[in-house]
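Using this note's numbering, read the sequence shown as starting at 30 and increasing by one per residue.
Ideal Cβ placement from N, Cα and C applies to all residues, glycine included.
Bear in mind that the values here come from a model prediction, so they are computed numbers and not experimental data.
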Amino acid sequence: MRIGLGADHAGCALKAALAARLAAQGHEVVDYGTSDPAISVDYPDFALLVAEAVASGSLDLGVLACGTGIGMAIAANKVPGIRAALVHDVTTARLARLHNGANVVCMGARLLAAPLAFECLDAFLAETFDTRHQRRLDKIAAIEKDRAP
Ligand code: RB5
Numbered sequence: 030m031r032i033g034l035g036a037d038h039a040g041c042a043l044k045a046a047l048a049a050r051l052a053a054q055g056h057e058v059v060d061y062g063t064s065d066p067a068i069s070v071d072y073p074d075f076a077l078l079v080a081e082a083v084a085s086g087s088l089d090l091g092v093l094a095c096g097t098g099i100g101m102a103i104a105a106n107k108v109p110g111i112r113a114a115l116v117h118d119v120t121t122a123r124l125a126r127l128h129n130g131a132n133v134v135c136m137g138a139r140l141l142a143a144p145l146a147f148e149c150l151d152a153f154l155a156e157t158f159d160t161r162h163q164r165r166l167d168k169i170a171a172i173e174k175d176r177a178p
């Protein structure tokens, strides 16, 4: 798969580790930054880059990391077509795909140690959407459509 990653200063070390893992697994990895943990940046800037690339179809999936993952999820979900899920264990990672059809996974680098983040990412990628939940995704899409300018 073609997978894009983004992070702020708090998430960039985890992002680098996740990117290396994805590349080793044979995925095509696109790194949208940031890459320097010493320079404070704003997570919405990186969430937007990844979310827009997923929404346009140029990426299959997105991976976002910040301190908690919360800001990344809030920002990414402002882009129409994005279903960004904050995950904190293997179960939430699996269900984000299975039930919610998440196309972006968000993680908190200050909360998840790298081995657990790896497990979450693997679980997210291994799962597929269960179409029994399509009606709910359609309702989410309708909310976006109704509020579009
Ligand atoms: C940055 O200090 C921090 O606020 C950010 O990484 C993230 O946790 C926000 O949700």
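7 Å Cβ cutoff met for residue i and residue j
| i | j | result |
| --- | --- | --- |
| M136 | A94 | yes |
| A146 | L43 | yes |
| A102 | L90 | no |
| V92 | L34 | yes |
| R139 | G96 | yes |
| E156 | R126 | yes |
| A46 | A122 | no |
| A48 | V58 | yes |
| E148 | V119 | yes |
| A104 | P66 | no |
Residue from the options whose Cα sits closest to the Cα of residue i
| i | options | result |
| --- | --- | --- |
| V134 | A142, A152, P144 | A152 |
| L78 | A53, V116, D37 | D37 |
| G40 | I32, A53, Y61, H56 | Y61 |
| V70 | G100, L154, L150, I169 | G100 |
| A80 | F158, N132, D159, H117 | N132 |
| A84 | T63, I111, I169, G55 | I111 |
| N129 | G55, I32, A82, I169 | I169 |
| T63 | L154, G55, F75, A53 | F75 |
Helix, strand or coil at residue i according to DSSP, with G and I counted as helix
| i | result |
| --- | --- |
| M30 | coil |
| D151 | helix |
| E116 | The sequence given here has Val at residue 116, not Glu. Residue state, collapsed to three classes: coil. |
| A82 | helix |
| D167 | helix |
| G35 | strand |
| D71 | coil |
| K96 | For the sequence presented, residue 96 should be read as Gly rather than Lys. Note: G96 maps to coil in three-state DSSP. |
Alpha carbon of residue i to alpha carbon of residue j, nearest angstrom
| i | j | result |
| --- | --- | --- |
| A171 | H162 | 15 Å |
| P178 | G86 | 22 Å |
Closer than 7 Å to chain D by CB, residue i
| i | result |
| --- | --- |
| D89 | Absent from the structure is chain D; it holds one protein chain and no more. |
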